[in-house]
Amino acid sequence: MDLLLHLIHKNEVDIFDIPISTITKQYLEYLDLMKSLNIDLAGDFFLMASTLMHIKSKMLLPEYADDEEAEDPRMELARPLLEYMRYKELAQDLAARPILDRDVFSRRIPGDVLSEADQAEEELNVSLFQLIDAFKQVTERLRPPEQLNFRLERWTVKQKTAHIMARLRESGTLFFSELFEEDRTVEECIVTFLALLEMVNIGLVKVFQMDPQSDIRVSLRLDAPNGEGDEPGKPQISD
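Mapping the sequence shown onto our numbering, position 231 (from 1) lands on 212, and the numbers just tick up by one.
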């Protein structure tokens, strides 16, 4: 559902008037890209892909085109999407409610800690699919999309993780695009991206935006465990 919602928002389309051919094509492209990057895909992704292709085929049938009273097959998507959106909004509302212990805590809190907390409340979480979109923009600047070759060479994910950690400890926060400044090939960009995903997954870093239109940023988590990795800056040369 999350990928489908991402595509609906990205294409700025009405949930009741989804351009099913376009969305299905983009959805399958995302799945192909995630598989190329060895990102684990839950069965729900493939179930939704099957549903999209089924709806697309139904809309091409002559009997649907000729029957003005037939229900739009896209309602199979609209109903569960609306229900899922309501569920997500409710979850966000619950998460945003004040915590009792925090409200009655009377000890004076230093101003710099308060300012960091205020800034954190203004940050917007970034989804996996937003990261994939940003990554595609990075790789498209190096090579046309149709020529992308997903081979992992020279650097290991562990080495890139150590390299990114060293840069973040030095600067505190980096823009997403800055992570790839030193990368010279698409293959190296891929390893950098996989390292970032792993760091997010194990809680070393957070990715966020200050508003929906701003650049994605990456910073170390204050409660991050000590990351261990190979010495940064020493790529492994492969045959």
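Beta carbons: idealized from backbone N, C-alpha and C, even for Gly.
Which value, in whole angstroms, describes the spacing of the CA atoms of THR197 and ILE113?
Counting from 1 along the sequence shown, the entry for residue 197 is found at position 216. Counting from 1 along the sequence shown, the entry for residue 113 is found at position 132. Reading off the sequence shown, one finds Ile at residue 197, where the question assumed Thr. Near 11 Å, if we compare the C-alpha coordinates of ILE113 and ILE197.
Hey, which unbroken runs of the beta strand (DSSP E) at 3 residues or more fall wholly within the segment 151 to 208?
The qualifying runs are 154 to 156, 186 to 190, 198 to 201.
Pick from LEU185, ARG135, GLN7, LEU58: whose alpha carbon is nearest that of ASP164?
By 1-based counting over the sequence shown, the position of residue 164 is 183. With distances taken between Cα atoms, ASP164 lies closest to ARG135.
Just checking my contact of LEU(-12) with ILE4 at CB under 8 Å: how many whole Å lie between their CB atoms?
Position 7 of the sequence shown, counted from the start, is the residue given in the question as residue -12. Position 23 of the sequence shown, counted from the start, is the residue given in the question as residue 4. Contact flag correct, Cβ pair sits at about 5 Å.
Could you check how far apart the C-beta atoms of LYS141 and VAL172 are, in whole angstroms? I think they sit under 8 Å.
Here residue 141 refers to the residue found at position 160 of the sequence shown. Here residue 172 refers to the residue found at position 191 of the sequence shown. LYS141 to VAL172, Cβ: 5 Å. Contact.
Considering only their Cβ atoms, is the gap separating MET180 from PRO61 smaller than 9 Å?
Within the sequence shown, the letter at position 80 stands for residue 61. Within the sequence shown, the letter at position 199 stands for residue 180. Their beta carbons are not under 9 Å apart, which means PRO61 does not touch MET180 by this criterion.
Rounded to a whole number of angstroms, what is the C-alpha to C-alpha distance between MET66 and MET15?
Start at 1 with the first residue of the sequence shown, and residue 66 comes out as number 85. Start at 1 with the first residue of the sequence shown, and residue 15 comes out as number 34. Cα-Cα distance, rounded: 24 Å.
When you compare only the Cα positions, how much space is there between ILE36 and LEU123?
By one-based count along the sequence shown, residue 36 stands at place 55. By one-based count along the sequence shown, residue 123 stands at place 142. Cα to Cα, the separation comes out at about 36 Å.
Mind checking whether VAL199 and THR154 have CB atoms under 9 Å apart?
For the purposes of this step, residue 199 is identified with residue 218 of the sequence shown, where counting begins at 1. For the purposes of this step, residue 154 is identified with residue 173 of the sequence shown, where counting begins at 1. Closer than 9 Å, so yes.
Considering only the alpha carbon of each residue, which of PHE156, GLN73, LEU177 lies closest to GLN190?
Stepping through the sequence shown from its first residue, residue 190 is reached at position 209. If we check each option's Cα against that of GLN190, PHE156 comes out closest.
Classify ILE183: buried if its beta carbon has 16 or more other beta carbons within 10 angstroms, exposed otherwise.
Translated into the one-based positions of the sequence shown, residue 183 becomes position 202. Burial call: exposed.
With distance defined between alpha-carbon atoms, name the residue in HIS144, LEU41, GLU(-7), TYR11 nearest to PHE116.
The sequence position of residue 116 within the sequence shown is 135, counting from 1. The option with the nearest alpha carbon to PHE116 is TYR11.
Is the CB-CB distance between VAL188 and LEU201 below 9 Å?
As a working note, residue 188 is residue 207 in the sequence shown. As a working note, residue 201 is residue 220 in the sequence shown. No, the Cβ-Cβ distance between VAL188 and LEU201 is not below 9 Å.
Between the alpha carbons of PHE26 and GLU121, how many angstroms are there, rounded?
One-based indexing of the sequence shown puts residue 26 at position 45. One-based indexing of the sequence shown puts residue 121 at position 140. The alpha-carbon atoms of PHE26 and GLU121 are separated by roughly 25 Å.
For the alpha helix (DSSP H) containing VAL119, list its first residue and its last residue.
Counted from its first residue, the sequence shown places residue 119 at position 138. Unbroken alpha helix (DSSP H) run through VAL119: 109 to 121.
Under DSSP, the alpha helix (DSSP H) around PHE27 begins and ends at which residues?
Here the question's residue 27 lines up with position 46 in the sequence shown. First-last of the alpha helix (DSSP H) with PHE27: 24 to 41.
Ends of the alpha helix (DSSP H) at GLU10?
By 1-based counting over the sequence shown, the position of residue 10 is 29. Where GLU10 is concerned, the enclosing alpha helix (DSSP H) stretches over 1 to 17.
Go ahead and label HIS(-10) buried or exposed: buried means 16 or more other beta carbons lie within 10 angstroms of its beta carbon, across all protein chains shown.
Translated into the one-based positions of the sequence shown, residue -10 becomes position 9. Exposed is the call here.
When the Cα atoms are used, what is the spatial distance from ASP13 to PRO43?
On the sequence shown, residue 13 is found 32 positions in, with the first residue counted as 1. On the sequence shown, residue 43 is found 62 positions in, with the first residue counted as 1. The alpha-carbon atoms of ASP13 and PRO43 are separated by roughly 31 Å.
Do you know offhand how far LEU33's Cα is from GLN73's?
Numbered from its first residue, the sequence shown carries residue 33 at position 52. Numbered from its first residue, the sequence shown carries residue 73 at position 92. For LEU33 and GLN73, the distance between alpha carbons rounds to 27 Å.
Residues bridged to LEU238 by DSSP?
Residue numbering for the chain in the displayed model covers -18 to 220; residue 238 lies beyond these limits and cannot be assessed.
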